[in-house]
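Numbering (the numbering used here), first residue to last: 138 to 395.
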Ligand SMILES: NC(=O)c1ccc[n+]([C@@H]2O[C@H](COP(=O)([O-])OP(=O)(O)OC[C@H]3O[C@@H](n4cnc5c(N)ncnc54)[C@H](OP(=O)(O)O)[C@@H]3O)[C@@H](O)[C@H]2O)c1
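This is the structure:
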């Protein structure tokens with residue numbers, strides 16, 4: 138793909154499995170030494186990261202837990218010292234557990250907030266400060282189409298993704314003119330260990346490799362705010378997003394009865 142984007146240091150957070158791990162493979166395949174010096178991968182699973190890093194000399198693993206702000210600062214300090222401040226950061230870390238109303242739980246909700254929302258915020262604080270001072274950088278946060286509107290059993294997950302979309306919208310606007318580009322990635326259903334827990338037929342289910350293709354192409358192609366896929370599913374959900382409540386709830390009821 139022809140593009141004049143050149144990322145020398147890419148940091149993929151949540152890279153030990155699923156979409157993040159597939160994205161690492163995509164970057165290894167599609168970029169060369171001349172346009173990408175280093176790919177840093179992070180998550181908690183030391184062994185999985187080490188295995189992925191063993192696949193390419195350009196990949197370095199820096200494990201840490203996104204819920205620990207000090208660990209985030211230490212990881213970024215190590216990256217800066219060894220490679221420099223990243224040019225592109227993709228946040229793929231995430232947690233999901235279906236939560237039917239009968240299992241409504243403070244703990245389940247707190248866990249989602251800690252990884253999905255606060256985890257992203259923990260990374261954003263130092264990155265925004267340093268990238269703004271440098272006057273360049275690109276940050277893409279993985280939210281979800283589940284953040285567009287309320288969905289059954291997604292009472293713990295969906296609100297964290299809606300909050301991420303809202304935060305990214307706010308930052309996109311505020312960062313305009315600073316050289317720092319804020320983007321959001323909204324995948325539909327992707328076959329990973331997260332969605333393995335779903336007990337319904339997932340429409341337009343993608344493989345992690347298909348998801349990585351969409352994300353890579355979206356990142357490379359331009360600086361558009363949102364990278365959302367697969368297109369036919371996203372189109373339907375975006376229509377659902379603008380429906381009045383009465384029609385929206387009817388539509389969801391019908392879909393859930395299928
Ligand atoms: N699968 C889907 O259908 C779908 C749809 C829309 C959006 N998404 C989003 O896409 C992202 C990737 O999800 P996935 O489906 O690929 O699931 P996944 O395979 O479970 O990947 C989640 C990644 O997050 C990392 N992670 C979780 N907690 C962490 C923590 N406390 N600190 C650091 N890393 C942590 C995991 O690594 P460790 O366990 O090693 O820490 C793993 O690398 C998530 O944000 C998810 O919400 C997924």
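The beta-carbon is built from N, C-alpha and C at its ideal position, and this holds for glycine as well. Bear in mind that the values here come from a model prediction, so they are computed numbers and not experimental data.
Query	Result
Buried versus exposed call for residue 153 [16 or more other C-beta atoms within 10 Å across all chains shown]	buried
Reduced DSSP category for residue 271 - H, G, I as helix; E, B as strand; rest coil	helix
For residue 177, the first and last residue of its enclosing beta strand (DSSP E)	175-179
Assumed close pair residue 233, residue 374 - CB separation to whole angstroms, cut-off 8 Å	Going by Cβ atoms, the distance from residue 233 to residue 374 rounds to 17 Å, so no, they are not a contact pair.
Cβ contact (3+ pairs, closer than 8 Å) linking the region 192-209 and the region 282-291	no
Which listed residue (164, 278 and 243) has its alpha carbon closest to that of residue 365	278
CB contact check: residue 390 to chain C, cutoff 7 Å	You won't find chain C in this structure, because it holds only one protein chain.
Beta-carbon contacts of residue 185 that lie in its chain and below 6 Å, excluding the five residues immediately before and after	153
Between the CA atoms of residue 276 and residue 139 - distance to the nearest angstrom	Note that residue 139 scores a pLDDT of 45, beneath 50, so its modelled location is shaky; the value from the coordinates is reported in the next line. Spanning the two alpha carbons is a distance of roughly 21 Å.
Burial state of residue 159 (16 or more Cβ within 10 Å)	buried
Cut-off 6 Å between Cβ atoms - residues of its own chain near residue 318, not counting five sequence neighbours on either side	275 and 360
Any non-hydrogen atom of ligand 1 closer than 6 Å to residue 286 Cβ	no
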